[in-house]
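Asker:
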Amino acid sequence: AVISKGERNVELLKQPVNSPLPVETQVAMIYAGTENLLRNIPIKKVKEFQVEYVDFLRNKHPEVMAALKSGKIDDQLTGVLKQVATELSAKYN
7 AVISKGERNV ELLKQPVNSP LPVETQVAMI YAGTENLLRN IPIKKVKEFQ
57 VEYVDFLRNK HPEVMAALKS GKIDDQLTGV LKQVATELSA KYN
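As numbered in the working numbering, residues 7 to 99 make up the sequence shown, in order.
(1) Is it true that the CB of Val16 sits closer than 8 Å to the CB of Leu74?
(2) Can you tell me whether Val8 is buried or exposed, with buried defined as 16 or more other CB within 10 angstroms of its CB?
(3) Since Tyr59 is in the alpha helix (DSSP H), which residue starts that stretch and which ends it?
(4) Expressed to the nearest angstrom, what Euclidean distance is found between the alpha-carbon atoms of Tyr59 and Asn24?
(5) What is the DSSP secondary structure of Ile9, counted as helix, strand or coil?
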C-alpha cells in the first residue's frame with residue numbers, strides 16, 4: 007500500500023521541463039496524494055485524474071484555487087479539496 011501510494015505521488019510530481027505547474031495546482035495535487043485520496047486510481051490514470059481534478063477546481067471552485075495561490079489553507083478549503091477528489095476518483099474504481 008505504501009509503495010503504490012508513493013508511485014501515485016511520483017506521478018503527481020512530474021512536470022513539463024521548464025514549465026512548472028502553478029503553485030495552487032501543485033498544492034491541490036500534493037494534498038490529494040498525501041491524504042491518500044488517489045488510492046483507488048490506477049497509476050496509469052493519475053495524470054488523467056490530475057487534469058480533471060484541477061480543471062474542476064478552477065471552474066467550479068475558483069475561490070479555492072485563489073486561496074491556495076495566496077497560501078491560505080484552512081479546514082473548509084481542505085474539505086472542498088477532499089470532497090472533489092473523492093467524487094472524481096470514484097469513477098476510476
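Note that beta-carbon positions come from the ideal geometry of N, C-alpha and C, so glycine has one too.
Quick caveat: nothing in here was measured; it's all calculated off a predicted structure.
Answerer: According to the data block:
(1) Taking the first residue of the sequence shown as position 1, residue 74 is located at position 68. Taking the first residue of the sequence shown as position 1, residue 16 is located at position 10. Result no, Cβ atoms of Leu74 and Val16 do not sit closer than 8 Å.
(2) Taking the sequence shown and counting its residues from 1, one reaches residue 8 at position 2. By the neighbour-count rule (16 or more Cβ atoms within 10 Å), Val8 is not buried but exposed.
(3) Here residue 59 refers to the residue found at position 53 of the sequence shown. First-last of the alpha helix (DSSP H) with Tyr59: 52 to 66.
(4) By 1-based counting over the sequence shown, the position of residue 59 is 53. By 1-based counting over the sequence shown, the position of residue 24 is 18. So the two alpha carbons sit approximately 23 Å from each other.
(5) Looking up residue 9 in the sequence shown gives position 3. Helix.
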